[in-house]
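Chains as they are written, first to last, in this note's numbering: chain A, 9 to 123; chain B, 97 to 206. Positions of the beta carbon are idealized from the N, C-alpha and C atoms, including for glycine.
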């Protein structure tokens, strides 16, 4: 299994500002993902964080709005840029120990409110 | 494109009842299916993982089954308790990531 620490756990931010969310894993993992959960909705994948290369973004998400870093196999950051109230969501980091048929583990999430 | 649905959307039962949550998916070419629990405003806790070659998995009072050919999974909760109150999400893995269902919001009344 994997233990994931996500920081901050929650934040209230002014519109137009940016917030960087950190995800730290207690072991090296192959796959790291970032999800968004809007109020009352299920999870939507934002991107796959690739170690040593640019993240792979899903349709509807772009690097300018959600830049992602992954400097090594245990750490990743997601930045929510130029925030608006529509960005108010829970952002979740997820990891899989290897690609393919493996269990996914999640951090406790970051609850973001944009005012 | 994989789509995942869950029925019912919400469920309220008295303590002690046995209950079944349903999950359906449109593309049977999956690697695995995973059930999660989410408490309000929190992250996800993995409950059960069923590989595509398996039919069911059990953990304590929880039992999950998988019928890949029909695109269905069920989560059975025995002798429900108020502490089971949460949203239950199923997710299917067909590639490198998961597609989530909308969840079933469960309330177990004391």
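With distance defined between alpha-carbon atoms, name the residue in the options nearest to residue i.
| i | options | result |
| --- | --- | --- |
| residue 3(A) | 69(A), 53(A), 80(A) | This structure cannot settle anything about residue 3(A), because the visible part of chain A is limited to 9 through 123. |
| residue 90(A) | 103(A), 48(A), 35(A), 70(A) | 70(A) |
| residue 179(B) | 101(B), 199(B), 112(B), 104(B) | 112(B) |
| residue 96(A) | 11(A), 49(A), 10(A) | 49(A) |
| residue 166(B) | 173(B), 156(B), 148(B), 154(B) | 148(B) |
| residue 185(B) | 177(B), 169(B), 176(B), 174(B) | 169(B) |
Return the CA-CA distance between residue i and residue j, expressed in angstroms with no decimal places.
| i | j | result |
| --- | --- | --- |
| residue 25(A) | residue 100(A) | 20 Å |
| residue 151(B) | residue 110(B) | 29 Å |
| residue 134(B) | residue 206(B) | 20 Å |
| residue 102(B) | residue 199(B) | 6 Å |
| residue 17(A) | residue 163(B) | 37 Å |
| residue 94(A) | residue 159(B) | 38 Å |
| residue 197(B) | residue 187(B) | 6 Å |
Classify residue i as helix, strand or coil using the three-state DSSP reduction.
| i | result |
| --- | --- |
| residue 94(A) | helix |
| residue 75(A) | coil |
| residue 110(B) | strand |
| residue 135(B) | coil |
Under 8 Å (Cβ pairs) to chain A, residues found in the segment 140 to 153 of chain B: Cβ contacts with chain A come from 140, 141, 142, 145, 147, 148.
Interface residues of the segment 52 to 79 of chain A facing chain B [CB-CB below 7 Å]: Identification of residues in the segment 52 to 79 of chain A having a C-beta nearer than 7 Å to some C-beta of chain B yields 53, 56, given in sequence order.
Just by C-beta distance, which residues in the segment 107 to 127 of chain B are closer than 7 Å to chain A? For the segment 107 to 127 of chain B, the residues whose beta carbon sits under 7 Å from a beta carbon of chain A are, in order, 127.
If we count Cβ pairs, one from each stretch, closer than 8 Å, do we get three or more for the segment 33 to 42 of chain A versus the segment 56 to 64 of chain A? For the pair of segments examined, the segment 33 to 42 of chain A was found to touch the segment 56 to 64 of chain A: the number of CB pairs separated by less than 8 Å reaches three.
Tell me whether the segment 111 to 125 of chain B and the segment 112 to 122 of chain A touch, counting them as touching only if at least three CB pairs, one residue from each stretch, are closer than 8 Å. No contact exists between the segment 111 to 125 of chain B and the segment 112 to 122 of chain A.
Any C-beta of chain B within less than 9 Å: which residues of the segment 92 to 107 of chain A qualify? Within the segment 92 to 107 of chain A, the qualifying residues are 98, 100, 101, 102, 104, 107.
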